[in-house]
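Chemist: Here you go, one structure.
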Amino acid sequence: MQEQFRPNMSRAEQKRARMIEDGRLDNLPESLQLHILSFLDKKEAVQMSLLSKQWFSLWTSMPVLHLNSFDIPRVVDFDKFVNRVLSHRDQSAKLNTLTFTHGGSSSSPKILKEVVDYAFSHGVNHLELSIQCFDSRPLCLHTTSFNLLKTLKLKSQSYFSCTFLLGSFKNLTVLHLKGAIIPNNNCEPFLLGFPMLEKLVLKDCCLGKILCVEALKLSDLTISFHGYFDRCKLTTPNLRFFKYIGSEFPRLETHDGLPLLDTVVVDFQGLCELSEEKRMIDDLISLFRGVGNARSVTLSSRIAHLLCLFEGNLEELDSPFCDLKCLKMDVRYMEQDEKLFDTHSGRRTQLIEMKTAVKAYLLKRSPEAKFSIIHSTN
Amino acid sequence: MSKKTLTLMSKDKQLFNIEEHLAVQSVTIRNMVKEDGASSVIPLPRVDSETLALVIEYLNRQQAPEEDEDYVKKFVDERGEIPTLLELAQAALDLDIKKLMDAACMKVADLIKDFTLEEVREALRIENDRTPEEEKAIRDEFQWAF
Chain C
1 MQEQFRPNMS RAEQKRARMI EDGRLDNLPE SLQLHILSFL DKKEAVQMSL LSKQWFSLWT
61 SMPVLHLNSF DIPRVVDFDK FVNRVLSHRD QSAKLNTLTF THGGSSSSPK ILKEVVDYAF
121 SHGVNHLELS IQCFDSRPLC LHTTSFNLLK TLKLKSQSYF SCTFLLGSFK NLTVLHLKGA
181 IIPNNNCEPF LLGFPMLEKL VLKDCCLGKI LCVEALKLSD LTISFHGYFD RCKLTTPNLR
241 FFKYIGSEFP RLETHDGLPL LDTVVVDFQG LCELSEEKRM IDDLISLFRG VGNARSVTLS
301 SRIAHLLCLF EGNLEELDSP FCDLKCLKMD VRYMEQDEKL FDTHSGRRTQ LIEMKTAVKA
361 YLLKRSPEAK FSIIHSTN
Chain L
1 MSKKTLTLMS KDKQLFNIEE HLAVQSVTIR NMVKEDGASS VIPLPRVDSE TLALVIEYLN
61 RQQAPEEDED YVKKFVDERG EIPTLLELAQ AALDLDIKKL MDAACMKVAD LIKDFTLEEV
121 REALRIENDR TPEEEKAIRD EFQWAF
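Protein chains in written order, with the UniProt record's numbering: chain C, 1 to 378; chain L, 1 to 146.
Given below as structure tokens:
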């Protein structure tokens with residue numbers, strides 16, 4: 001291609017024109033640019049807004065906002081940063097997704113309120129707040145907007161009250177709570193206002209003695225809990241996935257035996273006193289019976305270890321699972337321990353013993369099931 | 001009964017065969033099949049043959065649904081060059097294969113994080129449309145973000 005002198009064009013324009021002639025410049029569609037931007041933290045996204053005028057206008061009207069304090073350790077600086085980002089935004093742009101992560105020990109309640117107010121006044125559908133110490137009052141001011149939410153994730157390092165969960169969340173499909181004090185009025189199920197809920201994660205929440213979950217569309221339930229709770233009542237006819245991690249095993253009461261249950265994952269994270277061993281194993285087996293029609297079960301090596309403490313012959317017991325298609329034993333923690341404490345050989349023999357006993361017991365009624373071990377990748 | 005096969009044609013007129021039940025993971029192709037039975041060749045005028053080969057490799061994967069997330073991440077990780085990823089993202093956008101597009105864009109975002117602005121412009125084929133004066137003004141205004 002012959003170089004032409006173009007006196008009326010800036011250098012950038014000339015370069016661009018040359019690139020078009022060479023067929024080298026296919027502009028990225030705006031939707032792709034936006035999509036790439038949406039995966040960046042707010043701070044990086046701000047920097048990208050300097051790329052060009054077009055990217056600046058993209059940035060100010062992005063439907064996705066990630067505000068994250070990791071690069072900005074000082075609370076005052078972070079508050080200022082958030083304020084500036086919000087004030088630079090195109091006020092008519094809709095906000096679909098907002099995540100706010102504050103790693104500091106004391107986030108100012110004022111900034112949280114500003115962010116939450118902004119999110120709800122711009123029609124937020126997916127809201128995620130991760131804070132050391134969470135104050136739910138700002139949320140309570142927006143009960144009328146809860147019906148817009150599709151995803152709500154609230155994560156706090158310390159317990160927080162969330163009576164607002166008694167409100168109406170007509171379109172919420174994903175609820176993720178960490179550190180929440182679950183409202184428990186005389187064992188009333190706490191999810192009555194969530195007709196569309198499909199996925200529920202309760203991590204280190206304060207559950208009370210009895211947890212009642214009634215959610216007809218729920219297909220995916222994860223509970224991770226350290227402490228004692230007695231019973232878990234599930235009215236969840238569509239449940240397909242159930243994961244439980246805890247230091248105690250609650251009794252599982254189900255309305256109709258969870259007919260669609262496919263995958264169950266169980267892990268034990270606690271210490272078992274000698275005097276408690278028998279009760280713990282009984283509780284564990286009773287939990288297994290509650291999910292007895294699962295197709296696929298994954299147990300951690302700690303669960304296998306606990307089962308092996310059973311006095312008497314485990315293999316003589318009837319299996320709690322009636323028709324397993326696959327059983328997996330997750331030994332990743334065990335392998336980490338090995339690396340840390342160099343206890344290689346002893347653990348190996350233990351693993352073989354555990355494997356034999358657990359297989360014989362849990363697969364008694366499912367001889368065709370596949371057995372596999374999940375190792376850490378490296 | 002043999003499985004039905006579709007033929008896709010790239011920008012540079014190369015032909016690729018793929019089983020229909022795998023091809024319809026692309027919403028665009030699914031709609032085409034629905035509309036006219038897509039008996040003949042499906043032309044993809046914006047996708048070059050190298051990229052189309054990658055897309056077909058992705059569609060042909062034999063993965064259990066629960067391992068799919070890891071698979072698509074690994075798939076784009078192994079093709080970590082920005083130009084390839086952008087082509088792939090663009091093809092996935094045209095063909096409406098959401099998971100692949102998400103993964104490719106996320107990988108690009110990850111790669112450009114530590115770039116300078118000039119490097120990002122080059123990688124994403126962006127022209128700086130500001131004059132040096134405008135550039136300085138906006139840099140001053142956004143000093144707080146650095």
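We put the beta carbon where it would ideally sit given N, CA and C, even for glycine.
For L/Leu6 versus L/Ile42, is the C-beta distance shorter than 9 Å?
Modeler: It is a contact, given that the beta carbons lie within the stated cut-off.
Chemist: Taking DSSP as the reference, what is the three-state secondary structure of C/Val331?
Modeler: The answer is coil: DSSP assigns C/Val331 none of H, G, I, E or B.
Chemist: Select from the segment 28-46 of chain C all residues with a C-beta closer than 7 Å to any C-beta belonging to chain L, and list them in chain order.
Modeler: Taking 7 Å as the Cβ-Cβ cut-off against chain L, the residues of the segment 28-46 of chain C that qualify are Leu28, Pro29, Ser31, Leu32, His35, Ile36, Phe39, Leu40, Lys43, Glu44 and Val46.
Chemist: Does DSSP put C/Phe268 in a helix, a strand or coil?
Modeler: Strand.
Chemist: Got a sec, what are the start and stop residues for the beta strand (DSSP E) C/Thr298 sits in?
Modeler: Ser296 to Ser300 is the span of the beta strand (DSSP E), which, as asked, contains C/Thr298.
Chemist: For C/Ser52, which residues in chain L fall below 8 Å Cβ to Cβ?
Modeler: Residues of chain L passing the Cβ test: Arg121, Ile126, Glu127, Asn128, Asp129 and Arg130.
Chemist: CB C/Leu197 to CB C/Thr173, shorter than 9 Å?
Modeler: A contact, by the Cβ cut-off of 9 Å.
Chemist: Just checking my contact of C/Arg240 with C/Leu260 at CB under 8 Å: how many whole Å lie between their CB atoms?
Modeler: Yes, C/Arg240 and C/Leu260 are in contact; Cβ-Cβ is about 5 Å, under 8 Å.
Chemist: Cβ of L/Arg139 less than 9 Å from any chain B Cβ?
Modeler: This model lacks chain B altogether, as its protein chains are C and L.
Chemist: Could you check if C/Glu368 is buried or exposed, using at least 16 other CB atoms within 10 Å of its CB as the buried criterion?
Modeler: With fewer than 16 other Cβ atoms within 10 Å, it is exposed.
Chemist: So what's residue 396 of chain C in DSSP terms, helix, strand or just coil?
Modeler: Outside the displayed range of chain C (1 to 378) lies residue 396 of chain C, so it cannot be described from this structure.
Chemist: For residue 382 of chain C, which residues in chain L fall below 7 Å Cβ to Cβ?
Modeler: No answer is possible for residue 382 of chain C: it lies beyond the span of chain C, which begins at 1 and ends at 378.
Chemist: In chain C, what lies closer than 9 Å to L/Met101 by C-beta?
Modeler: Correct list: Leu32 and His35.
Chemist: Give the residues of chain L in contact with C/Trp55, contact being defined as C-beta atoms less than 8 Å apart.
Modeler: Within chain L, the residues near C/Trp55 are Ile126.
Chemist: Determine, using beta carbons only, whether C/Ser49 comes closer than 9 Å to chain L.
Modeler: Yes, its Cβ sits closer than 9 Å to a Cβ of chain L.
Chemist: Quick one: Cα of C/Pro109 to Cα of L/Phe115, how far?
Modeler: The straight-line gap from Cα to Cα measures roughly 34 Å.
Chemist: When you compare the CB of L/Asp110 with every CB in chain C, is at least one pair closer than 9 Å?
Modeler: For L/Asp110, the answer is yes, since a Cβ of chain C falls inside 9 Å of its Cβ.
Chemist: Under 8 Å, with one C-beta from each stretch per pair, do the segment 38-57 of chain C and the segment 109-128 of chain L reach the 3-pair mark?
Modeler: With a cut-off of 8 Å, the segment 109-128 of chain L and the segment 38-57 of chain C count as touching, because enough Cβ pairs lie within range.
Chemist: Quick one: using the 10 Å Cβ neighbour count with 16 as the cut-off for buried, is C/Glu253 buried or exposed?
Modeler: Exposed is the call here.
Chemist: Grab the span of the alpha helix (DSSP H) containing C/Cys140 for me, first residue to last.
Modeler: Here the alpha helix (DSSP H) through C/Cys140 covers Arg137 to Cys140.
Chemist: Does the beta carbon of C/Thr151 fall short of 8 Å from some heavy atom of the ligand FAD?
Modeler: Inclusion of the ligand FAD in the displayed structure is not the case, the ligand content being empty and no account of it being possible.
Chemist: Please list, in chain order, the chain C residues whose beta carbon lies closer than 8 Å to that of L/Leu44.
Modeler: Ordered by position in chain C, no residue passes the 8 Å Cβ test against L/Leu44, which lies about 15 Å from the chain.
Chemist: May I ask which residues mark the beginning and end of the alpha helix (DSSP H) holding L/Val41?
Modeler: Segment: none, L/Val41 is in no alpha helix (DSSP H) and carries neither H nor E.
Chemist: Give the residues from the segment 88-100 of chain L that approach chain C closer than 7 Å (Cβ to any Cβ), ordered along the chain.
Modeler: Residues passing the 7 Å Cβ filter: Ala89, Gln90 and Leu93.
Chemist: What residue range is occupied by the uninterrupted beta strand (DSSP E) comprising C/His126?
Modeler: Note, C/His126: beta strand (DSSP E), His126 to Ile131.
Chemist: To the nearest angstrom, how far is the alpha carbon of C/His88 from that of C/Glu214?
Modeler: About 43 Å.
Chemist: Any contact between the segment 327-341 of chain C and the segment 281-291 of chain C? By contact I mean 3 or more CB pairs, one from each, below 8 Å.
Modeler: With a cut-off of 8 Å, the segment 281-291 of chain C and the segment 327-341 of chain C do not count as touching, because too few Cβ pairs lie within range.
Chemist: Taking only runs of the alpha helix (DSSP H) that begin and end inside the segment 136-183 of chain C, which ones reach a length of at least 4 residues, in chain order?
Modeler: Taking only runs of at least 4 residues, the alpha helix (DSSP H) segments lying wholly in the segment 136-183 of chain C are 137-140.
Chemist: With 16 other CB atoms within 10 Å as the buried threshold, where does C/Ser336 fall?
Modeler: Correcting the residue identity first, residue 336 of chain C is Gln in this sequence and not Ser. It counts as exposed.
Chemist: Looking at C/Lys325: is its Cβ nearer than 9 Å to the Cβ of C/Ser296?
Modeler: Yes.
Chemist: Got a sec? Which residues, its chain only, sit under 6 Å from L/Ala91 by beta carbon, not counting five neighbours each side?
Modeler: Val47, Thr51 and Val55.
Chemist: Please go through the UniProt domain "SKP1 component dimerisation" (98-145) of chain L and give each complete alpha helix (DSSP H) segment of 4 or more residues, from N-terminal end onward.
Modeler: Runs found: 98-112, 117-124 and 132-141.
Chemist: Quick one: what's got a C-beta closer than 7 Å to residue 392 of chain C's C-beta in the same chain, skipping five residues either side?
Modeler: Lying outside 1 to 378, the shown extent of chain C, residue 392 of chain C is not represented and no answer is given.
Chemist: What three-state label does DSSP hand C/Ser69 in the structure shown?
Modeler: Correct three-state label for C/Ser69: helix.
Chemist: Taking the beta carbon of C/Gln33 as the centre, do at least 16 other beta carbons fall within 10 Å, making it buried, or is it exposed?
Modeler: Burial call: buried.
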